[in-house]
Every structure is written in structure tokens, then in C-alpha cells.
């Protein structure tokens, strides 16, 4: 949250930063008192109302600090992408992989650089076509690849691969046993 707050403060001091408003949905984070004017806090919202909220936005922020977040699933990323939002994020392995598939690694910012976050948002502010394109391509990527049906299919495919490898090892072991037994019979 500190990164977003500091970036909002930096944006408020930029001549072209007045076009950026950040919306915060969810539980009030520590340090949320005294928010800059360009952050609007909406509080916790029911999950089923999230699509309506996201439909009113252009960009989703996935801001993580290195550490435990590196080993978690960035669920909000998939909410943003499925809603057709462009995504700006700090480094997180899964987010990096997905932004790479969208040729959008330039939308990764350091977790301790509010100016980089602010500059990235300003660049997107003046490039509406790119924001729309990233949103459309991100949504398509979720539809085609990052969905439960596809994930379950990949899991079953991997299970079948492991089963086939196990069968091959068992057949090889059995052939060796038979060969050894036959050598004993010949003597």
C-alpha cells in the first residue's frame, strides 16, 4: 500500500498527473489515514460486485513486496485480466510470466520505486490504444489459457504422462527379470 500511496503523492505533483485517480477496494490497509486526494477508498465490496467495479476502471495494480508473495497465486491479476484491464505490477513470478506473454514486461515496476509506478501510469494515460489492446489481449489469454477447464486438462495430461512413464519403467523391469530368469535356465 505504501508504494501506491507514495506514487499517488508523486503523481499529484506532476503537471500531467491530475488525470490519474487510484481507486482502492477492500479492507483499509494500515497507514491508510491521510490518503492523497487522488486515491479514493471504497471499502470492502462483495466479490460478486467486482466485475461492475472493474468495468469502470482501465488499469489494475498488482503491487507485491518480494518474499512470500513470490510463492502465492496472484488472484487479482486474473480478475483484472478477465475484466479486460491492463495490469501494472511489481515483480512476482507468475505476473512476470503472464505480462511477458502479453509483451508488457515494461509494466513491471520495482517494489520500492513510487516514481517508476507513477511514470508507468502516466505513460499509459497518454497511450489509450495500448491500454485497450492490453486489456483485450489479457482477457483473451485468460479465456484461452488461464481458466479452470484448461488447468484441469493440463493436470490430467501430466498425470497420464507420469502413468505412462511408470508403465515403461515397470515393463523394462519385468523384461530384465525375465532375461535374468532365462539366463539361469540356459545354464
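Numbering (the working numbering), first residue to last: 4 to 190.
In this text, a Cβ means the ideal position worked out from N, Cα and C, and glycines have one as well.
Mind checking who residue i pairs with in its DSSP beta bridge?
i           : result
residue 65  : 92
residue 162 : Answer by DSSP bridge pairing: none, since residue 162 is not bridged.
residue 111 : 92
Determine the closest residue to residue i out of the options, with distance taken between C-alpha atoms.
i           : options            : result
residue 64  : 131, 92 and 124    : 92
residue 90  : 185, 102 and 96    : 102
residue 71  : 164, 23, 88 and 94 : 94
residue 120 : 67, 46 and 60      : 67
residue 76  : 97, 145 and 176    : 97
residue 50  : 15, 182, 61 and 79 : 79
residue 8   : 21, 47, 36 and 19  : 36
residue 32  : 58, 17 and 5       : 5
residue 131 : 54, 48, 56 and 60  : 60
residue 57  : 179, 138 and 182   : 138
residue 20  : 133, 123 and 167   : 123
residue 100 : 81, 114 and 118    : 81
State the start and end residues of the unbroken beta strand (DSSP E) segment that holds residue i.
i           : result
residue 121 : Not the beta strand (DSSP E): residue 121 falls in the alpha helix (DSSP H), residues 117-128.
residue 27  : 25-28
residue 44  : 42-46
Could you check where the alpha helix (DSSP H) with residue i kicks off and where it finishes?
i           : result
residue 83  : 78-85
residue 141 : 131-147
residue 54  : 53-58
residue 5   : 5-15
Taking 8 Å as the CB-CB limit, is residue i close to chain C?
i           : result
residue 162 : Looking at the structure shown, chain C is missing, and only one protein chain is on hand.
Three Cβ pairs or more, each shorter than 8 Å: is that satisfied between the region 103-122 and the region 156-166? no
Do the region 40-49 and the region 15-28 meet, that is, are 3 or more Cβ pairs less than 8 Å apart? yes
Can we say the region 134-151 touches the region 77-89, given the rule of at least three CB pairs closer than 8 Å? yes
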